[in-house]
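Chains as they are written, first to last, in the working numbering: chain U, 1 to 436; chain A, 1 to 436.
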């Protein structure tokens, strides 16, 4: 007789009945008279208790190895002495659906890189990592909810491009039927094309590719970007307002669904941010930092990671807020398509969003006026020819617009207090890592 | 004074008030005494009516070009004689936010390829194409709703792979820091790795890449795949049941939100399918087709497009259903990782889903037993070494599982009665098309 699968977290409702539990052998305790198997599924752990009787079931339990996939059929009984939920399963049948080789290639002492080599075991065995993907799902759902409510359209823009248009550097090149193609560094040009196509608000979650030889804890060669682009804006303020509300909504949803589990498994409290987030200009940020003695070499216009952390700490102290928008980045460190205010052509109508000292978003109002865009490209030394398809989108009535690109892994990393983007991704990709 | 933007579809509520409308110049009718401008936004069209007075507004209206982006501020008045909603705007100010060059590079007589060259104008000017992306958004939302309800986790798997593992053919290759990487043809291996990682149900919507020199109306080199993978299944039937319910839920949502608009702009009725969908084996399909005189050269085991259309027509006639699962594909035309039934090793526990004669999904139960998987790979002449990372996932307790991969563009194409996948995508990518 086949018994339908019951999740471990639901076993309490089945005391006295015979059910099947599907999961992995978490631990084995094989004593002289008793055999104890802790079985884990994605909802929890349960003890399977068997008294040795010399039968085939005893032999089967004896041959189990940790992490084998098993289906255990047996009666659920109350057992106050059992710490795991005060119940146990008295097995009638144990089916090994997939035996695990022994020993396992990683254990709780294994370092990060080797854990990443065996990421599927790393994720399966650590509740904190399982939680990460549940949180990611909820976070995305929350961001989509907000975007849909605002009338956004979900787009899928090409990752294959005919020209390395954005800058030419840091772009992966591939063979394409006898010529070359390039992987999109972001959906930037295409989401702007969607705005020119009359889509009012564009929303996309998808992979972006950076051929950057960076080995920091916050860089990857492939990561998931959350991209938004909004038409008919009155200014970059509209973009920041959209982002802070989207984040507040999504973080509230995560706090609600997973707050307790995050506190338990990661020791981190998820705080729902108030809106609006604080905003300061880059000039103000520099002034604050210089007063604090910050004077890094070679970072005269931008912020280095230390500067970002200091500014966040300063804002946290001054306002209690974990987020801060840095606005008005100088022209020299922003791309040609960022709009510049009429009264100060030395800066751009752009922003970065920092969360606890880490940049999680870059955004801007885009220059939609064809002539100005041409001028700004020329000023950056860019030839218009490879940009032809992009520039054409501004010749036939492209409305004013602006948008943002957010790194999903970075948001998760900060939210969950993880040390590295490698831990905030299912399968990390970096200059030295293309596997598994 | 700045008036806040009102969408055209909401103007009726503002009769008697001064508002701003943001949109594009749809058509101009400049008469001797009157100037009429039809302005279109993403919710509809409205007439702007101006009596010539020799003033600056007259000159500005005279200089307008079709598709220019404008903000028109004026009083909304009742005008029973105006076909567009029985109202018009008497302009006080007309701001040209972005003038369109004239003439436009495409018009209603332009062929498909040139329309794709100017896709942003093609999409902006045709309500049917605007509708496509609204439908896509709702369809995805519906699929996610179903998947989330079933406990699915949204994953983002790498598109960059270290080896061209699935088959080696039809894979794009790129330079990667002095070595080679490959673009994923599907999330197949990685979503199975997520199953091995203890994720119960995996859901991903993302780009997939096929280096296939196909020029048909249903092939693309990059398209959006909807991927599902389910752990602990009892058989491939569980996968088909998931898919038919997910599709029925999502199609019902589309019919509800956009049914009327689809009928109006595309002349197509969206029918919500009943579940379960019909199922027939490939052997049965061949028998039916042969009775009907089908005898294509070189397609002894598979179905050619004509065969797919015939089978769908047959099922439609026999059962009234537009969908049909073809099951039990022969081993020879399925990949090594498809599971084979114990009682017939000549076929696989796999399926394709046809909708109105077009294949929209391929799915299967996967072989999760390491030894069997090795055998099946060897039988297909595959060397285990490039597959090492993949195969390792089955050595440590990977549970039974199965899944499906659906082409989002194909589903939209059939649902909306479009002639080509080129029309069902924002920016199509094919062997001859990498732009815009």
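Yeah, the Cβ is synthetic: ideal placement off N, Cα and C, and Gly gets one too.
Proximity below 9 Å, CB of residue i to CB of residue j
i: residue 25 of chain U; j: residue 39 of chain U; result: yes
i: residue 117 of chain A; j: residue 105 of chain A; result: yes
i: residue 244 of chain A; j: residue 158 of chain U; result: no
i: residue 411 of chain U; j: residue 327 of chain U; result: no
i: residue 329 of chain U; j: residue 246 of chain U; result: no
i: residue 364 of chain A; j: residue 349 of chain A; result: yes
i: residue 416 of chain A; j: residue 361 of chain A; result: no
i: residue 16 of chain A; j: residue 44 of chain A; result: no
i: residue 67 of chain U; j: residue 100 of chain U; result: yes
i: residue 419 of chain A; j: residue 217 of chain A; result: yes
i: residue 75 of chain A; j: residue 90 of chain A; result: yes
i: residue 255 of chain A; j: residue 271 of chain A; result: yes
i: residue 305 of chain A; j: residue 357 of chain A; result: yes
Residue burial classification, residue i (beta-carbon count within 10 angstroms, cutoff 16)
i: residue 98 of chain A; result: buried
i: residue 94 of chain U; result: buried
i: residue 438 of chain U; result: Beyond the ends of chain U as shown, which are 1 and 436, falls residue 438 of chain U; an answer cannot be given.
i: residue 34 of chain U; result: exposed
i: residue 83 of chain A; result: exposed
i: residue 187 of chain U; result: buried
i: residue 384 of chain A; result: exposed
i: residue 70 of chain U; result: buried
i: residue 120 of chain U; result: buried
i: residue 109 of chain A; result: exposed
Spatial neighbours of residue i in its chain, beta-carbon cut-off 6 Å, leaving aside the 5 residues before and after
i: residue 311 of chain A; result: 285
i: residue 164 of chain A; result: 171 and 182
i: residue 73 of chain U; result: 3, 20, 92 and 93
i: residue 194 of chain A; result: 155 and 202
i: residue 273 of chain U; result: 248 and 323
i: residue 131 of chain A; result: 261 and 265
i: residue 232 of chain A; result: 399
i: residue 196 of chain A; result: 393 and 398
i: residue 250 of chain U; result: 139, 142 and 143
i: residue 27 of chain A; result: 38
i: residue 302 of chain U; result: 333
i: residue 23 of chain A; result: 39, 40 and 41
Interface flag, residue i vs chain A, CB-CB below 9 Å
i: residue 156 of chain U; result: yes
i: residue 345 of chain U; result: no
i: residue 24 of chain U; result: yes
i: residue 315 of chain U; result: no
Closer than 9 Å to chain U by CB, residue i
i: residue 113 of chain A; result: no
i: residue 136 of chain A; result: yes
i: residue 110 of chain A; result: no
i: residue 123 of chain A; result: yes
i: residue 222 of chain A; result: yes
i: residue 200 of chain A; result: yes
i: residue 232 of chain A; result: yes
i: residue 163 of chain A; result: yes
Under the three-state DSSP convention, the category residue i falls into
i: residue 337 of chain A; result: coil
i: residue 50 of chain A; result: strand
i: residue 60 of chain A; result: helix
i: residue 240 of chain A; result: helix
i: residue 106 of chain U; result: coil
i: residue 194 of chain U; result: helix
i: residue 26 of chain U; result: strand
i: residue 330 of chain A; result: strand
i: residue 365 of chain A; result: strand
i: residue 45 of chain A; result: strand
i: residue 265 of chain A; result: helix
i: residue 93 of chain U; result: strand
i: residue 380 of chain U; result: coil
i: residue 278 of chain U; result: coil
Close-in-space but distant-in-sequence residues of the same chain around residue i (CB under 7 Å, 5 per side omitted)
i: residue 211 of chain U; result: 170, 171, 172 and 221
i: residue 226 of chain A; result: 143, 205, 406 and 408
Nonlocal neighbours in the same chain, by C-beta distance under 8 Å from residue i, ignoring five residues either side
i: residue 380 of chain U; result: 335 and 336
i: residue 401 of chain A; result: 192, 195, 229, 230, 231, 232, 233, 365, 366 and 368
Check: residue i C-beta below 8 Å from any heavy atom of the ligand FAD
i: residue 143 of chain A; result: Absent from the structure shown: the ligand FAD. Ligands present: none.
Short CB-CB distance (under 9 Å) between residue i and chain B
i: residue 174 of chain A; result: In the structure shown, chain B does not exist; the protein chains are U and A.
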